[in-house]
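Asker:
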Amino acid sequence: HSDINKTHDILQDESKCETIVVVDNFMTSSAKYADIVLPDLMTVEQEDIIPNDYAGNMGYLIFLQPVTAPKFERKPIYWIMSEVAKRLGPDVYQKFTEGRTQEQWLRYLYAKMVAKDPLLPSYDALKKMGIYKRKDPNGHFVAYKKFRDDPDANPLKTPSGKIEIYSSKLADIAATWELQKDETITPLPVYTSTFEGWDAPERSKFPLQLFGFHFKARTHSSYGNVDVLQAACRQEVWLNPVDAEKRGIKNGDTVRVFNDRGEVRIAAKVTPRIMPGVSAMGQGAWHDANMNGDRVDHGSCINTLTTHRPSPLAKGNPQHTNLVQIEKA
-12 HSDINKTHDI LQDESKCETI VVVDNFMTSS AKYADIVLPD LMTVEQEDII
38 PNDYAGNMGY LIFLQPVTAP KFERKPIYWI MSEVAKRLGP DVYQKFTEGR
88 TQEQWLRYLY AKMVAKDPLL PSYDALKKMG IYKRKDPNGH FVAYKKFRDD
138 PDANPLKTPS GKIEIYSSKL ADIAATWELQ KDETITPLPV YTSTFEGWDA
188 PERSKFPLQL FGFHFKARTH SSYGNVDVLQ AACRQEVWLN PVDAEKRGIK
238 NGDTVRVFND RGEVRIAAKV TPRIMPGVSA MGQGAWHDAN MNGDRVDHGS
288 CINTLTTHRP SPLAKGNPQH TNLVQIEKA
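Everything in the sequence shown is counted per the numbering used here, starting at -12 for the first residue and increasing by one.
#1: Could you pull the start and end residues of the alpha helix (DSSP H) that Asn(-8) belongs to?
#2: In terms of residues, what are the limits of the beta strand (DSSP E) holding Met268?
#3: Return the CA-CA distance between Trp185 and Phe198, expressed in angstroms with no decimal places.
#4: Less than 8 angstroms separating the beta-carbons of Arg248 and Lys(-7)?
#5: Per the contact definition of three or more C-beta pairs closer than 8 angstroms, is the stretch 130 to 142 in contact with the stretch 257 to 270?
#6: Can you give me the C-alpha to C-alpha distance between Ala328 and Ser208, rounded to a whole angstrom?
#7: Measure the C-alpha to C-alpha separation of Ala218 and Glu189 and round it to an integer number of angstroms.
#8: Asn141 to Tyr110, Cα distance in whole Å?
#9: Here's the rule I'm using: 16 or more other beta-carbon atoms within 10 Å means buried, otherwise exposed. How should Thr291 be labelled?
#10: Using a Cβ-Cβ cutoff of less than 7 angstroms, which residues in the same chain neighbour Val311 once the five nearest sequence positions on both sides are dropped?
#11: Pull up the CB-CB distance for Gln306 and Gln270, whole angstroms please, since I reckon it's below 8 angstroms.
#12: Please work out which residues of its chain come closer than 7 angstroms, Cβ to Cβ, to Met29, disregarding the five sequence neighbours upstream and downstream, and give them in chain order.
#13: Report yes or no: do three or more beta-carbon pairs, one from the stretch 285 to 304 and one from the stretch 0 to 11, lie closer than 8 angstroms?
#14: To test your reading of the DSSP string, which unbroken beta strand (DSSP E) runs of 3 or more residues are found completely within the stretch 171 to 206?
#15: So what's Val71 in DSSP terms, helix, strand or just coil?
#16: Answer with buried or exposed for Asn125, where buried requires no fewer than 16 other C-beta atoms within 10 angstroms of its C-beta.
#17: Go to Ala219, then tell me how far its alpha helix (DSSP H) extends in each direction, as first and last residue.
#18: Relative to the C-alpha of Ile64, which candidate in Val101, Glu232, Trp225, Glu34 has its C-alpha closest?
#19: Taking all protein chains shown into account, decide if Val215 is buried (16 or more other Cβ within 10 angstroms of its Cβ) or exposed.
#20: Please state whether DSSP places Gln81 in a helix, a strand or coil.
#21: For a test of the three-state rule: what should DSSP assign to Ser16, helix, strand or coil?
#22: Please report the straight-line C-alpha distance between Ser287 and Phe182, rounded to a whole angstrom.
#23: Along the chain, where does the beta strand (DSSP E) containing Leu25 start, and where does it finish?
#24: At what residues does the beta strand (DSSP E) containing Glu90 begin and finish?
#25: Considering only residues of the same chain and omitting the five flanking positions on each side of Pro146, which have a CB-CB separation below 6 angstroms?
#26: Where do the ends of the beta strand (DSSP E) carrying Asp11 lie?
#27: Considering only the alpha carbon of each residue, which of Asn277, Lys315, Glu314, Ala316 lies closest to Ile(-9)?
#28: When the Cα of Lys233 is compared with those of Ile7, Glu314, Val101, which residue comes out closest?
#29: Given a threshold of 16 other Cβ atoms within 10 Å of its Cβ, counted over all protein chains shown, does Glu5 qualify as buried or as exposed?
#30: Given a cut-off of 8 angstroms, decide if Phe50 and Met68 are closer than it, judged by their beta-carbon atoms.
#31: Should Tyr95 be labelled buried (16 or more other beta-carbon atoms within 10 Å of its own) or exposed?
#32: In the DSSP output, what is Phe134 paired with across the bridge?
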């Protein structure tokens, strides 16, 4: 995640991390640090049932079926973990598997779905259909409909049961959590100064704010190694023409984006669609650097530049709180 170079240095000390085990489909940057790599199957090589989790008014289920046989010694992750459990003893194996194979788990869990929704087809029927669709009988979806129709009978899960603009829970957190001087948690959505923000002293050295965003060619880092997607959607850093002109940068130029944590080489996208003083990169690009050399990341992974310091509330990766400088390479 954050600050790849610092993470690399931490992992060099085996007293802090004795063994690393990675289960993955590809030799990713993370897998290169593993003592043991257990190669998993891809989705298109095994059976599974997935819902359309992000649907609006058209829900459906997909019964995934393998389009190709697994190659080499790769195995499904359930088989891998079952075999590990087996070697830890019969009690561990029984507790993990509950006596079921992967297919038996699919059938068991799907039966629980059907028990809640008898209109669903049987397991075998769904497998034969491939895709099961059901249209919203009302033709549209209304968020919080029960609450809107009768807020007293259907309160929300907030202290007041209503939609809250002021969060009393956040106010309690702000009053009780131990925060650093440049960290703020507010019960109202207001602007506050933060570390590596617009008014941070580091801006004298690194004047541009850097934001990360979800990129259309990837789901986080998934598909980041697909060459046709790389060709169709270049990894670029967005830069306002005002900032580009100051630096002698033209659209398409290869540039250095750097701070005290690291450096990436990336193509510049000069566009008025981003504000002056601000830059942005798609998150999820695969890290590609000689870690025994200059550590310059030619894969343009934003986590080469992000800080290891967590965000104040969620304690997550601060993808949008970074200060950098950009120069023509």
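Just so you know, even glycine gets a beta-carbon here, dropped at the ideal spot from N, CA and C.
Answerer: Walking through what the data contain:
#1: -9 to -2
#2: 265 to 269
#3: 12 angstroms
#4: yes
#5: no
#6: Not covered by the structure: residue 328. The range shown for the chain is -12 to 316.
#7: 35 angstroms
#8: 34 angstroms
#9: buried
#10: Phe193, Leu195, Leu197, Val244, Phe245, Asn246, Ser266, Leu292
#11: 6 angstroms
#12: Asn12
#13: no
#14: 195 to 200
#15: helix
#16: exposed
#17: 214 to 219
#18: Glu34
#19: exposed
#20: helix
#21: coil
#22: 23 angstroms
#23: 23 to 26
#24: First-last for Glu90: 89 to 103, but that is the alpha helix (DSSP H), not the beta strand (DSSP E).
#25: Ser155
#26: 8 to 11
#27: Asn277
#28: Glu314
#29: exposed
#30: no
#31: exposed
#32: According to DSSP, which records beta bridges pairwise, Phe134 is partnered with nothing at all.
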